[in-house]
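Heads up: the sequence shown begins at 20 in this note's numbering, then just goes up one per residue.
Just so you know, even glycine gets a beta-carbon here, dropped at the ideal spot from N, CA and C.
If you're wondering where the values come from, they're calculated on a predicted model, not measured in any experiment.
Everything on this sheet refers to the single structure shown next.
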Amino acid sequence: MEDSIFEKIYRETSRPLWAYVSRMSGSATSADDILQETYLSFLRSPFKGDEVKDARPYLYKIATNLIYKRFHKTRHEIQPEIEMSQLPGPTSELFGQSVEMTEIFARLNERERSLLWLAYVDGYEHNEIAAIMNINSISVRVLLFRTKRKLAALLES
20 MEDSIFEKIY RETSRPLWAY VSRMSGSATS ADDILQETYL SFLRSPFKGD EVKDARPYLY
80 KIATNLIYKR FHKTRHEIQP EIEMSQLPGP TSELFGQSVE MTEIFARLNE RERSLLWLAY
140 VDGYEHNEIA AIMNINSISV RVLLFRTKRK LAALLES
């Protein structure tokens, strides 16, 4: 891959990819490490495209796999290294009360966080999410429905 193509891909994907990885891992340090591993894997891969739109899902898939590999080896849920209140995140008004969305988001499991992030923050289509997360594309719709229902229940409680 030419340096100029990689620089363009990196420039346009690194910030949103880091945001995704940091939310999934709960750690800025882990996000830095995983982001670096993601781009190294990407450079070593047989990827032949030169468009950011082609590289983006591929990078998210690599990052998602690295997150799962890193944290599922220990068979534990991700434990944030920093207080959730220290992370920047939107605050919403719900029933006249301020709700810190970062804290609610932390109560979801890795898969649920990934689904919501990819669908509603990064705007991926169901088939793209399926490819990134290595799941059946038909399952994405059902899993998103269940995750939104769980999120609604968490917001109401």
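Determine the closest residue to residue i out of the options, with distance taken between C-alpha atoms.
i, options, result
"Glu26", "Val40, Lys80, Ala38 and Phe61", "Phe61"
"Gln55", "Phe90, Leu162 and Leu85", "Leu85"
"Ser23", "Leu162, Leu137 and Gly68", "Gly68"
"Tyr39", "Tyr139, Pro65, Leu163 and Phe66", "Tyr139"
Can you give the Cα-Cα distance for residue i and residue j, rounded to whole angstroms?
i, j, result
"Glu96", "Leu135", "In this predicted model, Glu96 has a pLDDT of only 47, less than 50, meaning its place in the structure is not dependable; the value taken from the coordinates is given anyway. Spanning the two alpha carbons is a distance of roughly 17 Å."
"Asp141", "Ser176", "27 Å"
"Ser41", "Glu144", "22 Å"
"Ser156", "Tyr77", "16 Å"
"Arg222", "Lys167", "Only positions 20 to 176 of the chain appear in this structure, which leaves residue 222 out of reach."
"Asn128", "Val159", "15 Å"
"Arg165", "Leu137", "15 Å"
Our contact map puts residue i next to residue j with C-beta atoms below 8 Å; I'd like the distance itself, whole angstroms only.
i, j, result
"Tyr79", "Ile151", "5 Å"
"Phe124", "Arg130", "At roughly 13 Å, the Cβ-Cβ gap does not stay under 8 Å, so Phe124 and Arg130 are not in contact."
"Leu173", "Arg126", "6 Å"
Decide if residue i is buried, meaning its Cβ has at least 16 other Cβ atoms within 10 Å, or exposed.
i, result
"Ala171", "exposed"
"Thr48", "exposed"
"Phe114", "Note that Phe114 scores 39 on pLDDT, short of 50, meaning its location in the model is unreliable; the coordinates nonetheless yield the value given after this. Exposed, because fewer than 16 other Cβ atoms sit within 10 Å of the Cβ of Phe114."
"Val161", "exposed"
"Glu112", "For Glu112, the predicted structure reports a pLDDT of 44, less than 50, and the residue's modelled location is therefore unreliable. A value from the coordinates is still provided. Glu112 is exposed by the Cβ-count criterion."
What are the start and end residues of the alpha helix (DSSP H) that includes residue i?
i, result
"Ile24", "Asp22 to Ser44"
"Ile154", "First-last for Ile154: undefined, no H or E at that position."
"Leu62", "Ala47 to Arg63"
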